[in-house]
Every structure is written in structure tokens, then in C-alpha cells.
Amino acid sequence: MQYIVVVNHEEQFAIWPADKELPLGWRAVGVRGYREECLAWIRENWTDMRPLSVRQDRASLPENNDHHAPGS
1 MQYIVVVNHE EQFAIWPADK ELPLGWRAVG VRGYREECLA WIRENWTDMR
51 PLSVRQDRAS LPENNDHHAP GS
């Protein structure tokens with residue numbers, strides 16, 4: 001069975017049967033192959049497992065995030 005690699009709006013990846021209609025909210029990334037080939041591509045390319053919204057929230061925090069109490 002052939003699969004495709006798909007991604008959602010949070011940049012989370014998955015595999016999906018190539019002969020099935022994509023579920024809402026997912027789009028193909030252009031990778032097609034057998035299950036293990038697609039999973040290998042995901043392992044190599046999805047290096048940050050955090051959803052996009054979490055990465056964006058973290059990026060907006062000040063770099064020096066010291067929250068020490070006064071005098072500590």
C-alpha cells in the first residue's frame with residue numbers, strides 16, 4: 001500500500017493512504033511511498049515536535065526569562 005506524508009496547520013506530520021481523500025485540515029507535502037519510507041521522511045524532517053502555535057508563543061517570550069524572586 002502506498003502512503004503520502006501530510007501536514008496540518010500546526011505543522012504536525014502524519015501519513016495517509018494515498019488512495020484516500022485527505023481529511024479536512026491536512027495537505028500533502030509531496031512525499032509518496034511505502035509506509036516505512038514515509039515514516040522515515042517524517043523522522044528526518046520533523047525535528048521539532050511542538051505544534052506551530054507553541055513554537056510561536058515561545059518565540060515571543062523575552063530571551064532573558066529569569067523569574068527569580070527578589071533576593072534569591
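Here my numbering is used: the first residue of the sequence shown is 1, the next is one more, and so on. Glycine included, C-beta positions come from ideal geometry on N, C-alpha and C.
Remark: C-beta atoms of ARG27 and VAL6 approach each other more closely than 9 Å. A straight line joining the alpha-carbon of ARG55 with that of MET1 spans about 34 Å. In the same chain as ASN8, and ignoring 5 residues on each side of it, the C-beta atoms closer than 7 Å to its own belong to GLY25, TRP26, in chain order.
Following the DSSP letters along the chain, one finds ARG43 inside the alpha helix (DSSP H) bounded by residues 35-45. Under DSSP, GLN2 takes part in a beta bridge, and its partners are TYR34. Partner residues in the beta bridge of ALA14, as assigned by DSSP, are VAL6.
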